[in-house]
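Notes for the one structure printed next.
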Amino acid sequence: MKLFYAHYISLENAFVRYVRAERADMLAPWLVICSSGLVANQLKKRLAREFGAAANIHFMTGGALVSVLDSEAPGETLPLLPQDNLRDFLIKNLLQEPGLNRYPASRGFVQAVKSSLRDLEDSLVCPDVMDEYLRTSDDGALETDKERLSWLNRLYRRYLQAQQEVPGYRPYQAAFERALSQVEKSVFLKGFKQIVFYGFYDMPGRQLELVNRLRGHYAGAIFAPYMNHPAYRFARKFFETNWLSSGGENSEKGAFGALGQTGLNIFSAGEGAKTPGVQIVSAADASGELFFTAKEILRLVEKDGYSFADIAVIARTVTPYQDELRRVFKQNCIPLNASFSYPVTHYPLGVFCLNLFALAQNGFERNLVLSLVSSPYFKHSSKNKWRALISRSLVNRDFNQWQDLLPQTKNYDPEFLAWLTHIKNRLEQLDRAGEWGVLSQEALALLEELTDTAVFEGKDAEIYHAVCERIQSLSSYRVLRPQAQTGEFLEELAESVRGLTFNEAETVRGGVVFTDAVRARGLSFKAVFLLGLNDKVFPLLMPEDPVLRDYHRYILRDVLGYWINQSLDRGDEEKLFFFAAASSAQEKLYALSARRGSDGKEISPSVYLAELARATLINWQGEDTLRVSGRLSEKLSAVAEPFLTPKELSYTFIFTPENAVKKYALAQLLTPGIADSLAASAGLSKNGPLNAYDGVITSGAEIFAQENKLGFSPSTLQKLGQCPMRIFFEKGLKLRQEDDPLSRQELPPNLRGTVYHEILKDFYEDLYQRGLTHELFDEAALEYLNQAVEKHYRADGYRQFGIYPVVWELLLQDIKDLLGNFVLDDLHDQGDFVPAKFEIPVSLEPSSALPLRLRGIIDRVDVDEKHKLFRIDDYKSSRKGTKDLASDIFKHLIFQPFVYVLLARQMQELKGYGSAGSCLLAIGPKYHRSDLPPAAFEDVLPRACRFLVLLTDYVKNGIFFINPDDKEKKCQYCPYAALCRRDSFKSLLRARKSAAYKSLQEAIK
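Numbering (my numbering), first residue to last: 1 to 1005.
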């Protein structure tokens, strides 16, 4: 076969010349074997342009040729052993055999071993040759790693043997050998006048063996991408060893498209030259790259006369860009000619299937169960009721917690717990040892039972069918091992399903091509947008193969003669990818990079971008580079209006709000919804008094009446003083924050406080009834405390809170120790007072001095019968307040000591008793008591009442302004922080300048 070699552009021209010269009979059958389907399509289009038609020229890939020759060979054949999960399972089992179990057979290690074994097999490495080399070699560099390489060779030998032993399948090598034996006598091959190989600059030993066999028996030519250029360093050894050995024609004409002659200087020390067709673009981020790309494509098509088919968008890998690109191109009405690949987890149905079988392994985690039940694919008539039940429950994870806490949930449905128990049992059955076929059928039955196929749409049917096929394929594991081990089936099922990928094509004829740099080799377009020229993105970092290391590969190729590449050689191949992609642009090349990554951190441009800039004399850090701003206003203003989408056009109108309505009307985009939004925007951006967008409403009196009917509690008053807007969300809009699920490892602070209150109530009440408050030794007091603890919280009390038993045991001891220290100090601090009344709900009716109803639950009332006095005690789980509780009413909005005295003074049970004030008792490692004495209460009474009226008048008058305060970090714990406009400068300015805010500040001075 004749050899022609050149860079891709010149190589394609040489191919056309060869067809013109050698194909005198335009109907003579030719076979062209291409490196990829895209290259084949490129050649078909070129021949059609040159000759009007390409009749009887057949294109196929090397893999397709092997399949044709294999099927042509006589005799019946078995199906090929697939490359999917069955092969992974085979390797996993081999790694567990005696003598081969050097390393744990983790999932990642199995994949690494699989890749290395494939390289050895593709290179036709003979284990016997390797053994001989290892026995006789005196290579000192190999001495430290010889044992490891010997292990790999034993594994390889066993792998080749095991593939042949798998019942019902045959290894790929068997198919390849059949194809090879068919080369000389193939009716298929003999039907062609010429056989041409096109686009191969590297290939593994097995593929090379087939090519060499064909070269020896058939007329034709080889068109190899190669030139004496630094970008082709990766291909040089293969080219010189395998292609050039028999001579060839250098067809390079110096054609590098938009790069011009500067293409010769890339990756070399040659001087640069100005290249008008190259534009370097620096975008704020990846979305900015695509924004510029879309707008420039529209300009090229509308202004410069390009067609969409003349344009390509190329990235080193398409995955980081594909979702955003599809969205942006759809918004800009740019047709695409591309195929996209997604993992099964990209699709809700795929996630649903995986979640189902992962329930038990993930401990029936709350969000996982909720996700399953909330899925539209979940089939059960009570699904909506169950979703609400799960949301209300305090369950976090662990099946025992579902059993313990679910029955305590409001509107509990026993059917849900029964269903969950049923699923648990089914999954446990699947996780036991058993026959692969039986377990796979049970798994399919469970999936079918819970999946509502009636709601399927789009790709759902395809995905469901693929998942079912994967689960069914697990039954084939029996050819390797009859039974699954305990805990193995669900793990294999999950990994098998997770390995599924699905293609989504947007193949609009004449659309913009979007592909990766590997598949773009050999293609050409008028304009190319080369994305992602950033460090660690293009070029990709190529780590060394952890199993078959580079020195091992060097021995195989350069010492033993097997054609196998070193992993780190792939770094040189990255240069070829870049050079091929850059030179595929015939007229315009746009080289784009991002300044920030997806995490917002700064990222560096690629060394390839710097090299391109050097060769083309572009100051890539200066004015020569087009910068795409990260600011929306600047980004949109740089684009002509005809190229903006309606949404983007809308944004430009908003940037000048004074003319926005007029511009919307002229663009025929003004709708009632947009008109309302513009009015709201105008209201929000105004200076002046508070308005309707600041929480000023007309229905404040109604909210006040609703709350005043029950009474304002100290906690409501505190929230109102902190930020009136929070009360609007809570009381006006009736928004509610869901309770946090309970952890299995701790008791949340609110429940710990409940525990303290219940225990202390029983403890002091028992002492009061027995008349023992002042009569007990410390040991006796602690015994009564233990009785109070055990009355409410026994050893099995963990079920009430869904806590692990061992954690509950430690928590219970911690509670006993903490309360023990507290009650001893508290009893010693009683003086003439005796704790007499506990957890008392009480309210205070409105009066002329205080025209609002107050309510609360008083933790404890201590009584001094001798002096006819009472004192209010309020428990706190941590130290609160200062020494001056009267001032704390205003400075820290601590209302309990004051309000509870007001409430207690009108209690019937305390008639005839005078007030001795109130106190806060801190339940903590150290006993602490803060007092509000009677005199201080009387002094602060008028001012405090005016303050309460001021706060509640905000509600009555419908004034709910925002009042953020970062010093006390109250916004950090507010459930509505994401809803208010605390970050809006104008909203905050109106609030700060309002009379309501000033009156609040005056009141708390």
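Glycine included, each C-beta is placed from N, C-alpha and C at the ideal position. Fair warning: this is a prediction, and the values are worked out from it, not measured in the lab.
Per DSSP, residue i forms a beta bridge with which residues?
i    : result
T61  : C34
F197 : I33 and I222
P841 : I857
S590 : Checking the displayed sequence, the identity of residue 590 turns out to be Tyr instead of Ser. DSSP, once it has assigned bridges, lists Q279 and F529 as partnering Y590.
H928 : A922
V834 : V863
L3   : I222
A505 : S339
F712 : L854
Q403 : For Q403, which the question treats as bridged, DSSP gives no partner whatsoever.
N250 : Y5
S915 : F870
F513 : Going by the sequence as given, residue 513 is Val instead of Phe. Paired residues: A312 and N337.
G434 : A484
V696 : I959
E641 : BP columns for E641 are empty, so no partner.
F378 : T451
R170 : L80
If we call anything under 8 Å between Cβ atoms a contact, is residue i one with residue j?
i    : j    : result
V510 : F308 : According to the sequence provided, residue 510 is Gly. The question's Val does not apply to it. In contact: G510 and F308 (Cβ atoms closer than 8 Å).
S583 : P539 : no
F292 : L636 : no
S181 : P230 : no
Y198 : V301 : no
S918 : R981 : no
I858 : Y900 : yes
A258 : E587 : yes
D413 : K383 : no
R426 : L446 : yes
V528 : A585 : yes
A286 : R595 : no
F59  : C34  : yes
D535 : F489 : no
K253 : S10  : yes
S681 : P657 : yes
For residue i, does the three-state DSSP call read helix, strand or coil?
i     : result
A935  : helix
T136  : helix
I872  : strand
N41   : helix
S583  : helix
F538  : coil
N101  : coil
R596  : strand
L1016 : The shown model of the chain, from 1 to 1005, leaves out residue 1016, and the question about it has no answer.
R627  : strand
I266  : coil
F329  : helix
E775  : coil
L1016 : In this structure the chain extends from 1 to 1005, so residue 1016 is not present and cannot be described.
P657  : helix
Looking only at its own chain, which residues have a Cβ that is under 8 Å from the Cβ of residue i, when we skip the five neighbours before and after it?
i    : result
N619 : A613 and T625
L117 : I91, L155, Y156 and Y159
P171 : L80, L81, L160, Q163 and Q164
Tell me which residues share the same chain as residue i and place their Cβ nearer than 6 Å to its Cβ, disregarding the 5 neighbours each side in the sequence.
i    : result
N411 : none
L670 : Y664
C971 : P964 and A977
I894 : G881 and D888
H928 : R879 and A922
So, is the C-beta of residue i closer than 8 Å to a C-beta in chain D?
i    : result
A640 : Here there is only one protein chain, and chain D is not present.
Using C-beta distances below 7 Å, list every residue in its chain close to residue i, excluding the 5 sequence neighbours before and after it, in chain order.
i    : result
T645 : Q331 and N332
S987 : L684, D694, I962 and R981
L854 : G711, F712, S843, L844, V899, L902 and L903
T698 : G958
S476 : L86
For a minimum of 4 consecutive residues, which ranges assigned as the alpha helix (DSSP H) are wholly contained in the stretch 331 to 375?
348 to 358 and 366 to 374
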